[in-house]
Every structure is written in C-alpha cells, then in structure tokens.
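Undergrad: Below are the structure tokens for one structure; questions will follow.
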Amino acid sequence: MSFGRLERPDAARPMSDINMTPLIDVMLVLLVIFMITAPLMTASLRLDLPKSEAATPSDAPGFIAVAITPDGKLHLGDDELPPEAFQKRISELGRANAQLEVQLRADRAVPYGQVAELIGWVQAAGLNRIAFVAQAAASAP
Numbered sequence: 056m057s058f059g060r061l062e063r064p065d066a067a068r069p070m071s072d073i074n075m076t077p078l079i080d081v082m083l084v085l086l087v088i089f090m091i092t093a094p095l096m097t098a099s100l101r102l103d104l105p106k107s108e109a110a111t112p113s114d115a116p117g118f119i120a121v122a123i124t125p126d127g128k129l130h131l132g133d134d135e136l137p138p139e140a141f142q143k144r145i146s147e148l149g150r151a152n153a154q155l156e157v158q159l160r161a162d163r164a165v166p167y168g169q170v171a172e173l174i175g176w177v178q179a180a181g182l183n184r185i186a187f188v189a190q191a192a193a194s195a196p
C-alpha cells in the first residue's frame, strides 16, 4: 500500500464523457445577463410619454414600434431614420403585412402637427391599426 498513488485500471482509456457542468454554468450566466439587459433595450429611447388613467397593454400579435423624439427625429424600432427613409420602410412593411399594428410613442413635447403627419404616412402605407403608447398614471395610495 503506497500513499499518494491512485490505483489505475490496467487498460487506460481516454475519458469519452463531456463534462456538462461548465457549459451549464456559462449558459446560466448568459441567461441572467440577458434577463437584466432585455428591459433596458426596449427603453433605450428616452421619451416623456403622456400619462393616462385608461392606458392598457396591447394584445396585438404583430406590431412595429414608431417613435418621435422632442427634436423631431423618427425611429422605426431601434433605427433612427430620416423622413424619406422612414416613409419607404413603413411602405415596405405595409405591403408585407397590412395587419401590423403601429405602436406610436410620441414625446409630449412633440407638436401635434408632426404626429398627424406621421399618422398620415402610416395610413398611406396601408397600415390602419395605430395605437398610442402612454405611460400609466400613478395610482393614488
């Protein structure tokens, strides 16, 4: 009996099993990172949305997010677009699927004329389902 030596089987073979523990650890870390950053990605555009008591979440199966910043910049999803490119992209989306809902997020400082012009472009593209996104008003305690 010798100390410090392990008994080896006669036929030394390479280990053919894959150790899944490190892979699972990495996947769990990535999952936590994505869970933390996903809400931040949707709120990357800072808008002061109007508050509404009757604001309810939409249950639309397919939608596109459109936003107007206080300085008049247009956003389709996460992309900032000039007006000509915006009209072209919204027309392409309207031809592809006329049932898409357009969720319009306009800062409260945006003039009504710009919002009305944007709605005209969306309707001209064949998209008639337009939802205004508002921030839910804080309920009284």
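The working numbering applies: residue 56 is where the sequence shown begins, and numbers increase by one.
The C-beta atom is built at its ideal place from N, Cα and C for all residues, glycine as well.
From a predicted model like this one, the values you see are computed outputs, not experimental measurements.
#1: Tell me which same chain residues have a C-beta within less than 7 Å of the C-beta of Pro138, skipping the five on either side of it?
#2: Does Ala161 come out as helix, strand or coil in the three-state DSSP assignment?
#3: Just tell me which of Pro94, Ala122, Asn152 and Val84 has its CA closest to the CA of Val165.
#4: Would you identify the three-state DSSP class for Arg184, choosing helix, strand or coil?
#5: For Leu148 and Ile119, which I take to be in contact (beta-carbon distance under 8 Å), what is that distance rounded to the nearest angstrom?
#6: Measure the Cβ-Cβ separation of Leu155 and Ile185 and say whether it is below 7 Å.
#7: Run the CB neighbour count on Leu78, radius 10 Å, all protein chains shown included, and call it buried at 16 or more, exposed below.
TA: So, from the listed chains and residues:
#1: Once the five neighbours on either side are set aside, the close Cβ partners of Pro138 are Leu129.
#2: Three-state result, Ala161: strand.
#3: Ala122
#4: When DSSP states are grouped into helix, strand and coil, Arg184 belongs to the strand group.
#5: Going by Cβ atoms, the distance from Leu148 to Ile119 rounds to 6 Å, so yes, they are a contact pair.
#6: no
#7: By the Cβ-count criterion, Leu78 is exposed, with fewer than 16 other Cβ atoms from all chains shown falling within 10 Å of its own Cβ.
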